[in-house]
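Protein chains in written order, with my numbering: chain A, 262 to 565; chain B, 113 to 334.
All C-beta atoms in this analysis are idealised placements derived from N, C-alpha and C, irrespective of residue type, glycine included.
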């Protein structure tokens, strides 16, 4: 065990892992985290705490992760390269580990032009891959990025994101392989609606040996309406929403229920793909849907 | 070359209205090539200012002079006679020009008429694109002769992020994904496998983060 996290234990035991997502509030009220934690508690092995998601300033992921720990959840703290340089990131990593964070998801981060401070300076001192290597070295060597010794290493289960739908497609599995080489233990994918393309991505990952060294959790999310499906199809970078799904939601009497149906179907299909070690349910600002999705998919934390 | 665009006239007017005798100084190097701050543009700006000041009842004079390069002491010093008696030097060079004028003529106020943009190339007639971040540590041999530091919105060092689709960057469909360009270029040599090597972390100390940089040519001591 590298980190002693529940997520690591579940995946190491070969159980099908379930993670969910908890977005911190645009305010300082800890009760928002407590309320969301109460919805997700008992349904997921670990919960991603997003870091200024979509480049919108929010309560920091470290504080929200600490509150989640107090509520009995296991956080996966997200960290983006957009807002901090390597000094600040290493300081936050040590601080988070000291507060009991055991999982860290390393991301480059959405560009600041998408958020509520489009005039901000994007830092991007490191990218996700160089961040991963830095965290791995902090844990395993242990040393800072500069090579100086760390006297008390942060024990972290290291994760990353992968997007099978970005281009150039032949490079996507290669890029995940680079993240594996840099030091990740697990990855969570972009939201999957186009299962066929994801299957091809997974085939490439198996060929590169990625699935042997890294636990891949397939990203899923419920669509709330046909409008949301169209928006994600046309406006969200790196998304692939097939027309048939947009049409299903358009035709449905109860779009929310249909959206949950689609999500459950995707979960059931991706579970059958060789190398998929779990699912990551991203129901941001619709955390209430997560228990129903998992229940209908027959998934409980560490259930298999 | 260095590209620069003229500031909106209202901004220039707000500064120049405070001064009586103004010298508009053009630069006949980069800004002349990008048709924004050479002799012709400096004279146009001076004419516009004269007309505006006449209409607004602002007194004083607006004269103009153009030097070959505002980034060199000798050229800047050569217009000392014209600077004499002026209250404001309004430079149409990149930001180097007004800074050097401020340095050489410490008693005269200096204002930039331009916003300096980037180090770019002429992509088409009258279209310039940024190609260099002057990061001080060029590694484009490994990226097909294409710079990811300045041409990727996130200065990525390890291939396209999850927002690259159809060869376009996530920040705008008008912006090419530079990592797609790099991938295609290397693939044309059968070298796309080179991108599986991990790049970085970058040494930014040679870039603007390292403080003001100085270059000395050895063997030519001042």
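So residue i and residue j are supposed to be a Cβ contact under 8 Å. How far apart are they, rounded?
i	j	result
residue 230 of chain B	residue 204 of chain B	The Cβ separation is near 17 Å, so there is no contact.
residue 240 of chain B	residue 146 of chain B	6 Å
residue 232 of chain B	residue 113 of chain B	7 Å
residue 151 of chain B	residue 158 of chain B	Not quite, the Cβ-Cβ distance comes to about 11 Å (not below 8 Å), so this is no contact.
residue 481 of chain A	residue 494 of chain A	At roughly 16 Å, the Cβ-Cβ gap does not stay under 8 Å, so residue 481 of chain A and residue 494 of chain A are not in contact.
residue 415 of chain A	residue 355 of chain A	6 Å
residue 528 of chain A	residue 460 of chain A	Contact flag wrong, Cβ pair sits at about 14 Å.
residue 418 of chain A	residue 385 of chain A	25 Å between Cβ atoms; not a contact.
Grouping DSSP H, G and I as helix and E and B as strand, with all else coil, what is residue i?
i	result
residue 323 of chain A	helix
residue 430 of chain A	helix
residue 454 of chain A	coil
residue 472 of chain A	helix
residue 449 of chain A	strand
residue 420 of chain A	strand
residue 270 of chain A	helix
residue 265 of chain B	coil
residue 175 of chain B	strand
residue 477 of chain A	strand
residue 354 of chain A	helix
residue 322 of chain B	helix
residue 316 of chain B	helix
residue 277 of chain B	strand
residue 330 of chain B	coil
residue 305 of chain B	helix
residue 160 of chain B	helix
residue 165 of chain B	helix
residue 488 of chain A	helix
Can you tell me where the beta strand (DSSP E) with residue i in it begins and where it stops?
i	result
residue 228 of chain B	226-236
residue 286 of chain B	284-288
residue 295 of chain A	Segment 291-301 is the alpha helix (DSSP H) holding residue 295 of chain A; no beta strand (DSSP E) there.
residue 133 of chain B	133-139
residue 567 of chain A	This structure cannot settle anything about residue 567 of chain A, because the visible part of chain A is limited to 262 through 565.
residue 244 of chain B	239-244
residue 279 of chain A	278-283
residue 309 of chain A	307-310
Taking a contact to mean a Cβ-Cβ separation below 9 Å, would you say residue i touches residue j in this structure?
i	j	result
residue 352 of chain A	residue 326 of chain A	no
residue 182 of chain B	residue 174 of chain B	no
residue 421 of chain A	residue 445 of chain A	yes
residue 191 of chain B	residue 136 of chain B	no
residue 490 of chain A	residue 525 of chain A	no
residue 335 of chain A	residue 306 of chain A	yes
residue 347 of chain A	residue 301 of chain A	no
residue 294 of chain B	residue 267 of chain B	no
residue 427 of chain A	residue 451 of chain A	yes
residue 542 of chain A	residue 281 of chain A	yes
residue 81 of chain B	residue 134 of chain B	The structure shown does not extend to residue 81 of chain B, since chain B spans only 113 to 334, so no value can be given for it.
residue 506 of chain A	residue 440 of chain A	no
residue 277 of chain A	residue 283 of chain B	no
residue 119 of chain B	residue 288 of chain B	no
residue 264 of chain B	residue 243 of chain B	no
residue 131 of chain B	residue 160 of chain B	no
At a CB-CB cut-off below 7 Å, which residues of chain A make contact with residue i?
i	result
residue 269 of chain B	388 and 391
residue 164 of chain B	The premise fails here: residue 164 of chain B is roughly 30 Å from chain A at the closest Cβ pair, so nothing lies under 7 Å.
residue 276 of chain B	427 and 428
residue 187 of chain B	Here the premise fails: no neighbours, minimum Cβ distance about 34 Å.
residue 240 of chain B	By Cβ distance, chain A contributes nothing, its closest Cβ being about 21 Å from residue 240 of chain B, past 7 Å.
residue 295 of chain B	429 and 432
Can you name the residues of chain B whose CB is closer than 9 Å to the CB of residue i?
i	result
residue 462 of chain A	Residues of chain B passing the Cβ test: none, with the nearest at roughly 12 Å.
residue 457 of chain A	Here the premise fails: no neighbours, minimum Cβ distance about 17 Å.
residue 443 of chain A	270 and 310
residue 472 of chain A	Residues of chain B passing the Cβ test: none, with the nearest at roughly 17 Å.
Check the Cβ of residue i against every Cβ in chain A and list those closer than 9 Å, keeping chain order.
i	result
residue 307 of chain B	432, 435, 436 and 439
Could you check where the alpha helix (DSSP H) with residue i kicks off and where it finishes?
i	result
residue 339 of chain A	Careful: residue 339 of chain A lies outside any alpha helix (DSSP H), inside the beta strand (DSSP E) at 336-341.
residue 212 of chain B	208-216
residue 121 of chain B	121-128
residue 192 of chain B	192-195
residue 526 of chain A	516-532
residue 393 of chain A	389-401
residue 556 of chain A	550-557
residue 506 of chain A	504-512
Interface residues of chain B around residue i at Cβ under 7 Å?
i	result
residue 311 of chain A	Here the premise fails: no neighbours, minimum Cβ distance about 15 Å.
residue 498 of chain A	275, 277 and 282
residue 424 of chain A	274
Give me the chain A residues within the contact set of residue i, using Cβ-Cβ distance strictly less than 8 Å, ordered along the chain.
i	result
residue 265 of chain B	372, 374 and 383
residue 292 of chain B	428 and 429
Any chance the CB of residue i is under 8 Å from a heavy atom of the ligand MG?
i	result
residue 289 of chain A	Ligands displayed in this structure: none; no statement on the ligand MG is therefore possible.
Counting only Cβ pairs nearer than 8 Å, list the residues of chain B close to residue i.
i	result
residue 406 of chain A	313
residue 341 of chain A	Ordered by position in chain B, no residue passes the 8 Å Cβ test against residue 341 of chain A, which lies about 10 Å from the chain.
residue 314 of chain A	Those within 8 Å of residue 314 of chain A in chain B number zero; the least Cβ separation is about 14 Å.
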